[in-house]
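Peer 1: Residue numbers (the working numbering): 136 to 569.
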Ligand SMILES: [Zn+2]
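#1: Considering only the alpha carbon of each residue, which of 547, 477 and 568 lies closest to residue 452?
#2: Report yes if the CB atom of residue 385 is closer than 7 angstroms to the CB atom of residue 456, and no otherwise.
#3: Assuming residue 424 and residue 434 make a contact with CB atoms under 8 angstroms, what is their CB distance in whole Å?
#4: Nearest chain D C-beta to residue 224 closer than 7 angstroms, yes or no?
#5: Extract the residue ranges of the alpha helix (DSSP H) inside the region 501-563, only unbroken runs of 4 or more that lie entirely within it.
#6: Are residue 256 and residue 349 touching if we call contact CB-CB under 7 angstroms?
#7: Using beta-carbon positions only, say whether residue 353 and residue 287 come within less than 7 angstroms of one another.
#8: Rounded to a whole number of angstroms, what is the C-alpha to C-alpha distance between residue 563 and residue 203?
#9: Is the distance from the Cβ of residue 149 to the Cβ of residue 514 below 7 angstroms?
#10: May I ask whether a heavy atom of ligand 1 can be found less than 6 angstroms away from the beta carbon of residue 439?
#11: How about the region 246-261 and the region 273-282: do they share at least three Cβ pairs that are nearer than 8 angstroms?
#12: Would the beta-carbon of residue 387 be found less than 6 angstroms away from any heavy atom of ligand 1?
#13: Any idea what DSSP makes of residue 428, helix, strand or coil?
#14: Quick check on residue 339: buried or exposed, where buried means 16 or more other Cβ atoms within 10 Å of its Cβ?
#15: Cα separation between residue 441 and residue 163?
#16: What are the boundary residues of the alpha helix (DSSP H) that residue 244 is part of?
#17: When we look at the beta-carbon of residue 490 and count the other beta-carbons within 10 Å, is it buried (16 or more) or exposed?
#18: For residue 221 and residue 290, which I take to be in contact (beta-carbon distance under 8 angstroms), what is that distance rounded to the nearest angstrom?
#19: Compute the distance between the beta-carbons of residue 237 and residue 262, then report whether it is under 7 angstroms.
#20: Would you report the Cα separation of residue 158 and residue 501, rounded to the nearest angstrom?
#21: Which value, in whole angstroms, describes the spacing of the CA atoms of residue 518 and residue 510?
#22: On the three-state DSSP scale, how would you describe residue 413?
#23: For the region 301-378, list the alpha helix (DSSP H) runs that are entirely contained and at least 4 residues long, ordered along the chain.
#24: Could you check the C-alpha separation between residue 165 and residue 533 for me, to the nearest Å?
#25: Whose C-alpha, out of 544, 543 and 473, is nearest the C-alpha of residue 153?
#26: When burial is assigned at 16 or more other CB atoms within 10 Å of the CB, is residue 136 buried or exposed?
#27: With a cut-off of 8 angstroms on the beta carbons, I'd call residue 399 and residue 444 a contact; round off their distance for me.
#28: Among the residues of its own chain, which have a CB less than 6 angstroms from the CB of residue 160, if the five just before and after it don't count?
#29: Between 565, 505, 215 and 540, which has its C-alpha nearest residue 187's C-alpha?
#30: Measuring alpha carbon to alpha carbon, tell me which of 298, 317 and 363 ends up nearest residue 335.
#31: Below 8 angstroms on the Cβ atoms is my guess for residue 328 versus residue 294; work out the distance and round it to an integer in Å.
#32: Could you tell me which of 227, 480, 503 and 224 sits nearest to residue 143, measuring between CA atoms?
#33: If you compare alpha carbons, which of 247, 409, 516 and 431 is closest to residue 401?
#34: So is residue 177 buried or exposed if we call it buried at 16+ other beta carbons inside 10 Å?
#35: Buried or exposed: residue 151, going by 16 or more other Cβ atoms within 10 Å of its Cβ?
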């Protein structure tokens with residue numbers, strides 16, 4: 136059956152200058168793929184959706200999220216990275232149970248879908264990762280997710296042996312790495328948490344199975360110094376030596392890099408997920424996004440976890456990404472049309488799926504915006520990046536299916552999503568004594 140969205144203004148986000156201009160057109164999709172854009176003649180069996188007065192964009196793609204941390208929003212403010220991890224996030228993650236991980240993922244997915252994000256790359260915690268996939272399957276979000284792998288000792292006692300980490304990940308990949316919306320992505324947490332043997336085993340196994348690799352790198356100067364003391368080299372070089380570089384690898388942050396590390400990222404086509412709110416809130420630094428992109432490094436945009444943001448809002452990340460580069464380099468250092476592409480097409484490219492643009496053959500992952508509140512005729516990309524927020528989102532579609540409308544995820548009762556989270560957080564905090 137064909138669905139036709141009729142009468143909207145499309146903002147296609149394709150690479151040409153026309154990609155960030157509004158065009159009045161119908162958009163048709165079949166089996167989750169866009170099949171026609173333009174003046175689409177009606178057919179008898181069409182499902183027709185009247186979107187006159189609305190804007191339609193490709194859904195936002197966020198290739199670095201931690202759904203398991205959504206419950207911890209507001210419990211770990213005003214701390215630097217290593218303190219934040221060791222004294223709050225890891226003890227709280229360790230205290231999770233099957234139901235609290237489900238509640239946390241559900242709360243995060245609610246915020247993402249109602250805010251126009253249609254696809255994510257997620258890093259779960261060491262245990263209970265099935266619960267994240269269950270929540271994603273119910274809601275209908277497009278998700279790559281993997282258990283956080285940690286086989287080096289840490290103060291919080293969060294982690295496993297190499298063998299358990301690999302067995303857990305492989306079992307999850309067997310269950311969840313599918314052809315449709317849900318896929319497995321191997322997720323060694325970061326170099327200070329992972330032995331060389333684990334990193335090498337993960338790189339080998341992920342490639343055998345055709346799965347993405349997802350990690351953090353060079354977020355904070357203390358972390359960079361720790362990696363040097365552990366490995367004798369810099370993050371990006373060490374990861375590359377263990378096999379974690381290439382177009383199937385997404386590294387979050389990449390703020391503090393040497394010239395040769397930047398060269399390595401560009402040469403190997405390794406993807407960087409820029410997380411501006413998280414970086415500012417943890418006072419980690421400012422990623423050199425324009426410089427990285429000028430050198431050929433592929434950079435996309437994401438919110439990271441709720442306790443270091445404290446939102447999962449693609450609009451907020453776009454706005455801040457543009458503003459902080461202006462402060463560093465001068466006005467216009469990262470223009471709105473570029474930022475909008477980072478939040479859509481670049482994200483899809485990082486995850487290796489045909490999305491992030493409105494074009495025939497691409498997936499029908501869409502966000503429908505109401506421009507009436509704040510927009511009176513300026514540049515549309517500027518309106519999306521600088522002016523709008525999730526209140527403008529009217530509908531969210533993933534794979535040709537409407538999954539959220541007017542602030543509600545259609546699969547769930549919103550009040551239940553919140554009450555499950557509150558109940559779960561009480562248990563987790565009691566166990567963690569935090
Ligand atoms: Zn992260």
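Quick reminder that beta carbons are idealized off the backbone N, C-alpha and C, glycines included.
Peer 2: With the structure as the only source:
#1: Of the candidates 547, 477 and 568, the one whose C-alpha sits nearest the C-alpha of residue 452 is 477.
#2: In this structure, residue 456 does not lie closer than 7 angstroms to residue 385 by Cβ.
#3: 5 angstroms between Cβ atoms; contact.
#4: Within the model displayed, chain D is absent; a lone protein chain is all it includes.
#5: The qualifying runs do not exist here; there are none.
#6: Yes, the pair counts as a contact, with Cβ atoms nearer than the cut-off.
#7: Contact flag unset, no.
#8: Straight-line Cα distance between these residues: approximately 12 angstroms.
#9: Taking 7 angstroms as the Cβ cut-off, residue 149 and residue 514 do not qualify as a contacting pair.
#10: Checking the Cβ of residue 439 against ligand 1 gives yes.
#11: At 8 angstroms Cβ cutoff, the stretches touch.
#12: Correct: residue 387 has its Cβ closer than 6 angstroms to ligand 1.
#13: Helix at residue 428.
#14: Residue environment analysis places residue 339 among the exposed positions, since fewer than 16 neighbouring C-beta atoms fall within 10 angstroms of its C-beta.
#15: Straight through space, the alpha carbons of residue 163 and residue 441 are spaced by roughly 35 angstroms.
#16: Element bounds for residue 244: 233-249.
#17: Burial call: buried.
#18: Yes, residue 221 and residue 290 are in contact; Cβ-Cβ is about 5 angstroms, under 8 angstroms.
#19: For residue 237 and residue 262, no; Cβs fall outside 7 angstroms.
#20: As the crow flies, the alpha-carbon of residue 158 is around 15 angstroms from that of residue 501.
#21: Each residue's alpha carbon lies about 7 angstroms from the other.
#22: Note: residue 413 maps to helix in three-state DSSP.
#23: Annotation: the region 301-378 contains the following complete segments of the alpha helix (DSSP H) (minimum length 4 residues), in chain order: 331-344, 356-366 and 370-377.
#24: Computed Cα separation, rounded: 12 angstroms.
#25: Of the listed residues, the one whose Cα sits closest to residue 153 is 473.
#26: Taking a 10 Å sphere around the C-beta of residue 136, we find fewer than 16 other C-beta atoms and assign the residue as exposed.
#27: About 28 angstroms separates the Cβ atoms of residue 399 and residue 444, ruling out a contact at the 8 angstroms cut-off.
#28: Closer than 6 angstroms at the Cβ level, and outside the excluded window around residue 160, lie 145, 172 and 173.
#29: Nearest option by C-alpha distance: 505.
#30: Checking every option, the nearest Cα to that of residue 335 belongs to 298.
#31: Between residue 328 and residue 294 the beta-carbon gap is near 7 angstroms, inside 8 angstroms, which marks them as a contact.
#32: When only C-alpha atoms are compared, the closest one is 503.
#33: It is 431 whose Cα lies nearest to the Cα of residue 401.
#34: Residue 177 counts as exposed, since fewer than 16 other C-beta atoms from the protein chains shown sit within 10 angstroms of its C-beta.
#35: Exposed is the call here.
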